[in-house]
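Structure first, commentary second.
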Amino acid sequence: MRLISKYLLIAFSLFIIDTNAQVFADVTSSAGIDAVETMSGTFGSGASIADFDNDGDLDFFVGTEFGLNNRIYENIGNGQFQEVATSLGVTSTFRNRTALWVDFNGDTLLDLIIVGDCRDIDASCVNRADIKLYKQLTSGNFEIVENSGLDFGTKYNVANVTKDFLVGGISAADINNDNWLDILVTFWDRNQIGAEMTMFLNNAGQGFTDISSTSFPNQNSVSRFQPIFNDFDNDGFIDFYISIDFTENELWRNLGNNQFEEIANDVGADNAFNEMGLTIGDYDNDGDFDLYATNISRIDPGDGNMRHNILLKNNFSQTNNLGFEEVSESLGVDSSAWDWGTTFFDANNDGWLDIASTNGYDIEGWLPDQSKLWLNVEGLLFSDISEASNFDDLQYAATLLAFDMDRDGDLDLLQSMKVRSTLNADLPVRLYENDISESTNPNNYLVVKPRMNGTNHYAIGAVVKIIYDNGKTGMRLITAGTSFYGQEPAEAFFGLSDNNTIDEIRVEWPDNTVTVVTDVIANQVITITNDNVLDVNNTELIQLKTYPNPASDVVTVEGNSIIKLIEVYNLLGQKVLFQNTDSIKIKFNISSLSKGSYFLKVKDINSNLQTFKILKK
Numbered sequence: 006m007r008l009i010s011k012y013l014l015i016a017f018s019l020f021i022i023d024t025n026a027q028v029f030a031d032v033t034s035s036a037g038i039d040a041v042e043t044m045s046g047t048f049g050s051g052a053s054i055a056d057f058d059n060d061g062d063l064d065f066f067v068g069t070e071f072g073l074n075n076r077i078y079e080n081i082g083n084g085q086f087q088e089v090a091t092s093l094g095v096t097s098t099f100r101n102r103t104a105l106w107v108d109f110n111g112d113t114l115l116d117l118i119i120v121g122d123c124r125d126i127d128a129s130c131v132n133r134a135d136i137k138l139y140k141q142l143t144s145g146n147f148e149i150v151e152n153s154g155l156d157f158g159t160k161y162n163v164a165n166v167t168k169d170f171l172v173g174g175i176s177a178a179d180i181n182n183d184n185w186l187d188i189l190v191t192f193w194d195r196n197q198i199g200a201e202m203t204m205f206l207n208n209a210g211q212g213f214t215d216i217s218s219t220s221f222p223n224q225n226s227v228s229r230f231q232p233i234f235n236d237f238d239n240d241g242f243i244d245f246y247i248s249i250d251f252t253e254n255e256l257w258r259n260l261g262n263n264q265f266e267e268i269a270n271d272v273g274a275d276n277a278f279n280e281m282g283l284t285i286g287d288y289d290n291d292g293d294f295d296l297y298a299t300n301i302s303r304i305d306p307g308d309g310n311m312r313h314n315i316l317l318k319n320n321f322s323q324t325n326n327l328g329f330e331e332v333s334e335s336l337g338v339d340s341s342a343w344d345w346g347t348t349f350f351d352a353n354n355d356g357w358l359d360i361a362s363t364n365g366y367d368i369e370g371w372l373p374d375q376s377k378l379w380l381n382v383e384g385l386l387f388s389d390i391s392e393a394s395n396f397d398d399l400q401y402a403a404t405l406l407a408f409d410m411d412r413d414g415d416l417d418l419l420q421s422m423k424v425r426s427t428l429n430a431d432l433p434v435r436l437y438e439n440d441i442s443e444s445t446n447p448n449n450y451l452v453v454k455p456r457m458n459g460t461n462h463y464a465i466g467a468v469v470k471i472i473y474d475n476g477k478t479g480m481r482l483i484t485a486g487t488s489f490y491g492q493e494p495a496e497a498f499f500g501l502s503d504n505n506t507i508d509e510i511r512v513e514w515p516d517n518t519v520t521v522v523t524d525v526i527a528n529q530v531i532t533i534t535n536d537n538v539l540d541v542n543n544t545e546l547i548q549l550k551t552y553p554n555p556a557s558d559v560v561t562v563e564g565n566s567i568i569k570l571i572e573v574y575n576l577l578g579q580k581v582l583f584q585n586t587d588s589i590k591i592k593f594n595i596s597s598l599s600k601g602s603y604f605l606k607v608k609d610i611n612s613n614l615q616t617f618k619i620l621k622k
C-alpha cells in the first residue's frame with residue numbers, strides 16, 4: 006500500500022509540473038554576465054545576493070581567483086546586470102571564497118564583508134585566511150575600513166594550519182540581542198588541524214572584537230562548512246547549525262551570555278557523513294524550521310555504510326521540545342551524487358518548499374553528475390523533476406541560491422561556477438530563469454521585506470509567517486548566510502497557489518516583538534516595518550474620543566489635554582497622513598485615503614500616545 010501511494014504521489018507531482026509547463030532556462034549570457042576566470046580547485050567560491058543599492062532589484066557579489074577583481078553585478082532591471090565592483094571602490098584581488106552583505110554600523114546602507122584563503126599556495130602566503138570590510142558611503146561607493154577588528158591576526162598562519170586549510174562559510178546574526186549584527190566565520194582543513202571557527206562581536210557599529218575563546222571554550226578543530234543562525238529552541242536567543250565534513254554536524258545553543266554549548270547529539274542532529282551545503286525551511290508547513298544538508302552519495306569505503314543527503318525534520322511544533330528526525334530516504338531526497346550548494350524554495354508557487362542542489366566533482370567516477378530539483382508534494386514526499394524542469398545541468402558549481410532576479414513573481418536560480426574544462430566558458434555564475442510566471446496557471450505570490458527601525462534595519466533573524474485560504478500557513482527565516490558560501494536576499498517569498506489574498510502576515514522580529522498585518526492582496530512586494538502601529542493601546546493614557554467611525558471625509562479627535570500630533574498608518578505600517586496640532590479638539594481630514602482600515606496614532610502635550618483603529622468608508 007505504501008509503495009502504491011508513493012507512485013501515485015509521484016504521478017500527481019509530474020502532472021502538476023506538466024500542467025504548469027515549468028522550465029528553467031539558462032539566461033546567463035543574455036542577462037549580461039561577462040566572462041572572468043572562475044575559482045579553481047575543488048571548492049570554488051560563492052555568491053551573495055542583496056539589494057545593495059536599495060533600488061528594489063536584487064544584485065550579487067561573486068569572488069574570484071588571485072589577481073582578479075572580485076565582481077559585483079548590479080541589477081539594472083528586468084534581470085539584466087552590469088559589473089560595477091571596481092567603479093564602486095571594491096578593489097580586492099585576493100582569492101575570496103565567500104562574502105556577506107550586512108549593515109555593520111546601523112546606517113541602513115549595506116556594507117560588504119569578504120573572506121578568502123590561500124589553500125594550495127606555498128608558505129609565502131603566511132596568513133592563510135584574509136577578511137576585509139568595505140563600508141558603503143552615502144554616495145553609493147565603498148571604502149575599506151582599516152582597523153575594524155575584523156582580523157584573524159596570526160590565528161590561521163602557516164605555523165598553525167596546513168596547506169589544505171580554507172574558509173568554510175560565513176553568517177551574521179545578533180547573538181546578544183543588542184540589535185547589532187555579529188559575524189561567525191568557519192574553516193575547513195582535511196587534516197582537522199587549526200580549523201577553529203571565529204566569532205566577532207559587533208561593538209555598536211564601532212568595530213568588532215574576536216570573542217571566540219568566550220563563545221566556544223571547548224570547540225574542536227573540525228572541518229566546518231556553512232553555518233545558519235536560527236533560534237531553534239525558541240528561547241529568544243539565536244543559535245546556529247553547521248554542516249561538517251568527515252565528523253558529526255554541530256548545533257550550538259546560545260546560552261545568552263555570548264557563550265554557546267554544542268547540543269547536536271542531544272537533539273538528533275549530529276549526522277556524521279560529509280555534509281557540505283545547508284538550507285533551512287519549513288518544508289511540511291507545520292510551524293518549525295527543518296534542515297537539509299548535501300553530501301557525497303556513496304557506499305563509504307571505510308565502514309561499508311551508505312552516505313547520502315540528509316533532511317532533518319524538526320518536531321518542535323508537535324512536542325514543544327527541540328528534536329530532529331532524519332527523513333531523507335522516506336521522502337525521496339537522500340541520494341543524488343556529489344552535492345554542494347542547496348536551497349529550499351517554492352519553484353512552482355504552490356505554497357510548498359521544494360529542494361534544489363547543485364552537483365559535480367571533476368574526478369573519474371563522478372561524471373556526469375547532474376544538478377537536482379525535487380518537487381514537494383504537500384509535505385508528504387519529494388519527486389525528482391530535474392529533467393522535466395530543465396534544471397539538470399552537468400556543470401561544476403559551488404553555491405546555489407534562489408531569488409526573483411526579474412521581479413516577475415517566481416524564483417530564479419543562481420549557481421556560482423568552478424573551473425572545469427570548457428563547460429563553464431569562464432562564466433562566474435549561471436543564472437536560470439524560472440518561467441512559471443509565463444505559464445497558463447502561474448499561481449500567485451507575495452514578497453515581504455521586513456525592515457526595522459534602528460541598527461538591524463534588514464531584520465536579520467526575523468521570521469515571517471502567513472495565513473491564507475482558511476488556515477493554510479507558511480513561514481520564512483530572514484538569514485545572512487546559507488547554502489554553500491552563499492547568501493540569499495533579506496526578504497520572504499511565498500507561493501500562494503491560486504489564492505488572491507493573505508488573511509494575515511505575522512512578522513516576529515529579532516528583538517522578540519511582533520507585528521501583524523491583515524487582508525493583504527497577492528502578487529506584490531510589500532515592506533513591513535516594526536513601528537508597532539498595529540498594536541492597539543487599550544490603556545487610557547490619554548482620555549480621547551474619535552468620531553464618527555466609520556468616517557468618509559473627516560474624523561474628529563477630542564481629548565482632555567492638548568493634542569500635538571496625529572498620524573495615520575495603513576495596514577502595512579506605512580505612515581500615510583499626519584498633522585501637527587495645538588488644540589484639544591481637531592477635525593482631521595481623511596478624504597484622500599482609500600476605503601479600508603487604518604490606525605490613528607495620537608500624541609498629547611505630555612508625549613502620551615494612544616492608537617485607534619478607524620475605518621474609511
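The numbering of the sequence shown is the working numbering, which starts it at 6 and goes up by one.
All C-beta atoms in this analysis are idealised placements derived from N, C-alpha and C, irrespective of residue type, glycine included.
Could you tell me the boundaries of the beta strand (DSSP E) in which leucine 406 lies? Here the question's residue 406 lines up with position 401 in the sequence shown. Counting along the chain, the beta strand (DSSP E) containing leucine 406 begins and ends at 402-408.
Segment limits, alpha helix (DSSP H) that includes serine 4: Given a span of 6 to 622 for the chain in the structure shown, any question on residue 4 remains unanswerable.
Taking Cβ positions, are isoleucine 465 and threonine 484 nearer each other than 9 Å? Within the sequence shown, the letter at position 460 stands for residue 465. Within the sequence shown, the letter at position 479 stands for residue 484. Contact flag set, yes.
Counting Cβ pairs, one atom from each stretch, are 3 or more of them under 8 Å apart for the region 430-445 and the region 511-527? no
Same chain, Cβ closer than 6 Å to phenylalanine 157, neighbours up to 5 away in sequence not counted: By one-based count along the sequence shown, residue 157 stands at place 152. Here the set comprises Ala134.
Going by DSSP, what residues sit across from methionine 44 in a beta bridge? Reading the sequence shown from its first residue, position 39 is the one you call residue 44. Partner(s): Lys423.
In whole angstroms, what separates the C-alpha of isoleucine 188 from that of lysine 622? As a working mapping, residue 188 is identified with position 183 in the sequence shown. As a working mapping, residue 622 is identified with position 617 in the sequence shown. Taking the straight line joining both Cα atoms gives about 49 Å.
Under 8 Å, with one C-beta from each stretch per pair, do the region 342-354 and the region 405-418 reach the 3-pair mark? yes
Hey, does isoleucine 483 have any beta-carbon neighbour from chain D nearer than 9 Å? You won't find chain D in this structure, because it holds only one protein chain.
Do valine 452 and lysine 530 have their beta-carbon atoms positioned less than 9 Å apart in this structure? As a position in the sequence shown, residue 530 is number 525, starting the count at 1. As a position in the sequence shown, residue 452 is number 447, starting the count at 1. In the sequence on display, residue 530 carries valine and not lysine. Yes, the Cβ-Cβ distance between valine 530 and valine 452 is below 9 Å.
One or two residues paired with serine 588 in a DSSP bridge: As a first step, residue 588 must be located in the sequence shown, where it is residue number 583. BP columns for serine 588 point to Ile568.
Euclidean distance between Cα positions of isoleucine 247 and asparagine 80: In the sequence shown, counting from the first residue as 1, residue 247 sits at position 242. In the sequence shown, counting from the first residue as 1, residue 80 sits at position 75. Answer to the nearest angstrom: the Cα atoms are 31 Å apart.
If you drop the 5 nearest sequence neighbours on each side, which residues of the same chain put their C-beta closer than 7 Å to that of isoleucine 233? In the sequence shown, the residue the question calls residue 233 occupies position 228. Once the five neighbours on either side are set aside, the close Cβ partners of isoleucine 233 are Ser176, Phe245, Tyr246, Leu283, Ile285, Thr484, Gly486 and Thr487.
Which residues bound the alpha helix (DSSP H) around glutamate 392? Walking along the sequence shown from the start, residue 392 turns up at place 387. Per DSSP, glutamate 392 belongs to the alpha helix (DSSP H) from 391-394.
Which residue's Cα is closest to the Cα of aspartate 558: Glu572, Lys592, Asn263 and Asp389? In the sequence shown, counting from the first residue as 1, residue 558 sits at position 553. The residue with the shortest Cα to Cα distance from aspartate 558 is Lys592.
Residue interval of the alpha helix (DSSP H) (run including threonine 91): Here the question's residue 91 lines up with position 86 in the sequence shown. First-last of the alpha helix (DSSP H) with threonine 91: 90-93.
Quick one: using the 10 Å Cβ neighbour count with 16 as the cut-off for buried, is isoleucine 614 buried or exposed? As a position in the sequence shown, residue 614 is number 609, starting the count at 1. Here the sequence assigns leucine to residue 614, which means isoleucine is not the residue at that position. Leucine 614 comes out exposed.
Measuring only the C-alpha atoms, how far is arginine 312 from glutamine 211? Here residue 312 refers to the residue found at position 307 when the sequence shown is read from its first residue. Here residue 211 refers to the residue found at position 206 when the sequence shown is read from its first residue. If I take the Cα positions, the gap works out to 45 Å.
Of the choices Val107, Met410 and Arg102, whose alpha-carbon is the least far from that of glutamine 85? Mapped onto the sequence shown, residue 85 falls at position 80. Comparing Cα-Cα distances from glutamine 85 to each of Val107, Met410 and Arg102, the minimum goes to Met410.
Just list the residues that DSSP pairs aspartate 609 with in beta bridges. The sequence position of residue 609 within the sequence shown is 604, counting from 1. Partner(s): Ile568.
Excluding the five sequence neighbours on either side, which residues of its own chain have a C-beta within less than 6 Å of the C-beta of lysine 470, listed in chain order? Position 465 of the sequence shown, counted from the start, is the residue given in the question as residue 470. Met480 and Arg511.
Which class does isoleucine 441 belong to by DSSP, given the choice of helix, strand or coil? Numbered from 1 along the sequence shown, position 436 holds the residue referred to as residue 441. Note: isoleucine 441 maps to helix in three-state DSSP.
If you compare alpha carbons, which of Asn165, Asn326 and Leu260 is closest to serine 220? Reading the sequence shown from its first residue, position 215 is the one you call residue 220. The shortest C-alpha separation from serine 220 is found at Leu260.
Rounded straight-line distance, which links the Cα of leucine 385 to that of serine 602: Counting from one through the sequence shown, the residue named residue 602 turns up at place 597. Counting from one through the sequence shown, the residue named residue 385 turns up at place 380. Going from the Cα of serine 602 to the Cα of leucine 385 covers about 39 Å.
Compute every distance between the C-beta of glycine 210 and the non-hydrogen atoms of the ligand COA, then say whether any falls below 8 Å. Within the structure as shown, the ligand COA is missing, as the structure has no ligands at all.
Can you grab the Cα-Cα spacing for the pair serine 34 / aspartate 431, in whole Å? Sequence index remark: in the sequence shown, residue 34 carries index 29 (1-based). Sequence index remark: in the sequence shown, residue 431 carries index 426 (1-based). Near 11 Å, if we compare the C-alpha coordinates of aspartate 431 and serine 34.
Tell me whether the beta-carbon of phenylalanine 604 lies closer than 9 Å to the beta-carbon of asparagine 565. Reading the sequence shown from its first residue, position 599 is the one you call residue 604. Reading the sequence shown from its first residue, position 560 is the one you call residue 565. It is not a contact, given that the beta carbons lie outside the stated cut-off.
Could you please give me the residues that DSSP links to isoleucine 531 through a beta bridge? Numbered from its first residue, the sequence shown carries residue 531 at position 526. Per DSSP, Val453.
In angstroms with no decimal places, state the Cα-to-Cα distance between phenylalanine 242 and serine 597. On the sequence shown, residue 242 is found 237 positions in, with the first residue counted as 1. On the sequence shown, residue 597 is found 592 positions in, with the first residue counted as 1. The alpha-carbon atoms of phenylalanine 242 and serine 597 are separated by roughly 44 Å.
Could you tell me which residues DSSP pairs with glutamine 667 in its beta bridges? No answer is possible for residue 667: the residues shown for the chain start at 6 and end at 622.
Cβ contact check for the region 353-361 and the region 286-299: 3 or more pairs under 8 Å: yes
Any contact between the region 319-326 and the region 380-395? By contact I mean 3 or more CB pairs, one from each, below 8 Å. no
How many Å lie between glycine 111 and phenylalanine 205 at the Cα? Within the sequence shown, numbered from 1, the residue matching residue 111 stands at position 106. Within the sequence shown, numbered from 1, the residue matching residue 205 stands at position 200. Each residue's Cα considered, the two are about 16 Å apart.
With which residues is arginine 303 paired in a DSSP beta bridge? By 1-based counting over the sequence shown, the position of residue 303 is 298. DSSP lists Arg312 as partners of arginine 303.
In this structure, how does DSSP classify serine 629 when only helix, strand and coil are distinguished? Residue 629 lies beyond the residue range present for the chain, which begins at 6 and ends at 622; the question has no answer from this structure.
With glutamine 323 as the anchor, note down where its beta strand (DSSP E) starts and where it stops. As a first step, residue 323 must be located in the sequence shown, where it is residue number 318. Element bounds for glutamine 323: not the beta strand (DSSP E) but the alpha helix (DSSP H), 321-324.
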